[in-house]
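Its first residue numbered 998, the sequence shown is counted upward by one per residue in the working numbering. Built from N, CA and C at the ideal position, the CB exists for glycine as well. Everything below concerns the one structure shown next.
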Amino acid sequence: MIRNALRLGRIWGIEIGIDWSWFIVFALITWTLSAHVFYFENPHWPPGAYWLTGVLTSLLFFASVLAHELGHSFVALRTGLPVRSITLFLFGGVAQIAREPSRPSQEFWIAVAGPAVSVALGLLFGLLALSAPARSPLEALAGWLSRINFLLALFNLLPGFPMDGGRVLRAVLWGTTGDLLKATRIASWAGRGIAYLIMLAGVLLVVLLGDWLSALWFLLIGLFLENAAASSYEQLALREALRRHRAGELLRPVDDRVAVPPDLSLEELVHGYILRTGQRCFPVIDASGRLLGIVGLHHVKGIPREVWASTPVAEAMTPVERVVKVGPDEPLDALMERMSVDGVNQVLVVEDGRLLGLVSRDRLIEFMKTRAELGI
Ligand SMILES: [Zn+2]
C-alpha cells in the first residue's frame, strides 16, 4: 500500500509508514535544534545534552505529526470511511482515506480533528514547559514542541484545499451550495493562491534577508501545495464526469464473434485472437452459448510459453463465478473504484441474471483519454 516507505506497523488497522524523504527533515530539525537553537539559548548545558535533547525533540515532533494524522483518521473511521495508511514524508504526514467524504459535515469534522489534536498537544507541551525547571533540557524540549504544534495547527488551517483549512472551506461551500465540484474548484483556487503567496514569501526572504535555507523550504512547500491543489481538483472533476456515465454505455456485447471456445489453446488465443484483433480480453463460451469465464492477455502472461500449445483457455481463465458483476446502470466512477479495489481488469454487465457484455479496464481508460483529448 505504501510505496517506498519503511513500514512501522499498524494502529487501528491503519498501516503506518515513513518515506525516505522524512529522514532529511529528521536530520535537518535535529541539527538545527542541537547545533543552533538549544546551543545558543542554553550555553551552560553539559556537552552531549544538546544532541540528546535534539534527537528526542525531533522524535516527539514526528510523533506529534503522526498524532495529527491519527486525529483525522479517528473521525474518518468513526464516520465509516476506511483509512488505508498514514505516511510521514518531507512535508509532514498524510492519511490515505479510501473514499471521499459523502457529506459536508463529515468532511468538516475529519478536517478539524487533525488541528484539534495539534492544539491539544500544544497546550500539553506548554504546561509541561511551565512546570519544568528553568533552562533545563525538559523546558527547552517541551517549549519548542508546544510552539511547533500550535504552528502546525495554524499552518494547516490556512484556507486552501487540500490543506485542512481548505477542506473546512470546501465543506462550508459544499454545505451552502450543495455543489461538491464547484466547492472544490473554489477551495482549490484558494489553495493555489496560498501556494503562490508562500513561494512569494520565499523570494522575499532571499531578497530582504538573504535567508537561502528558509527560502528554499518555502519554495518547495509552495510548489508541493500548488501541485496538490491543482491535481486534486482534476481528479475530482474526472470522477464527477465518470459519474454521469453508465456501464451500459461502454459494454462490449458478448456474442460468438468476440467469444472463444473453452478448448481453444492459449497459442491459438494469442495468435488467432489477441494479436489479430488488438482486443486484450475475451469471454469463454461453450457450444450451447453458456458463458464459462473470462480469458485475456494477463492470464496468458502468467503461463510459460512452452505450454501455451497444450493448455486450453478453460484452465487459464477466471471462471464466471469469480468475475465481478455489475448492472448496466452502474456509474463509471463506482466501476473504476471496484476495478482498483478488487484488482480486476474487467467486469461483467448483467441484468436480471442475463449477461449483456463486459467492460474492460482498457475500454475505460480509452474512454477517459478520448474525453480528455476532446476537452469535455
Ligand atoms: Zn491535517
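| Query | Result |
| --- | --- |
| Beta bridge counterpart(s) of residue 1315 as assigned by DSSP | 1291 |
| CB contact flag (residue 1256, residue 1282, <7 Å) | yes |
| When 1349, 1022, 1162 are compared against residue 1110, the one with the closest alpha-carbon | 1162 |
| Inter-residue spacing [alpha-carbon to alpha-carbon] between residue 1004 and residue 1147 | 28 Å |
| Beta-carbon proximity list for residue 1315, same chain, < 6 Å, skipping 5 on both sides | 1290, 1291 |
| Integer-rounded CB distance, given that residue 1325 should sit under 8 Å from residue 1273 | With a Cβ gap of about 29 Å, residue 1273 and residue 1325 do not count as contacting. |
| Same chain, Cβ closer than 7 Å to residue 1271, five either side skipped, listed in chain order | 1277, 1294 |
| Residue 1327 (DSSP reduced to helix, strand or coil) | coil |
| C-beta neighbour in chain B for residue 1187, strict 7 Å | Annotation note: the requested chain B is absent from the structure, which comprises a single protein chain. |
| Rounded distance between the beta-carbons of residue 1042 and residue 1156, thought under 8 Å | Contact flag wrong, Cβ pair sits at about 41 Å. |
| DSSP beta-bridge partners of residue 1357 | 1343 |
| Collapsed DSSP secondary structure at residue 1211 in the structure displayed | helix |
| Selection from 1023, 1212, 1334, 1019 that minimises the alpha carbon distance to residue 1361 | 1334 |
| Strand pairing of residue 1002, partner residues [DSSP] | 1016 |
| Alpha-carbon spacing of residue 1107 relative to residue 1027, whole angstroms | 31 Å |
| Through-space distance from residue 1229 to residue 1341, alpha-carbon basis | 25 Å |
| For residue 1174, the first and last residue of its enclosing alpha helix (DSSP H) | 1161 to 1174 |
| Backbone secondary structure at residue 1374 - three-state DSSP | A query on residue 1374 cannot be resolved here, the shown segment of the chain reaching from 998 to 1373 and no further. |
| Below 6 Å from a heavy atom of ligand 1 - residues by beta-carbon | 1065, 1069, 1111, 1153, 1161 |
| Supposed close pair residue 1139, residue 1131 - CB separation, criterion 8 Å | Rounded, the Cβ-Cβ distance is 12 Å, inconsistent with contact. |
| Span separating the alpha-carbon of residue 1052 from that of residue 1142 | 12 Å |
| Distance, residue 1015 Cα to residue 1076 Cα | 26 Å |
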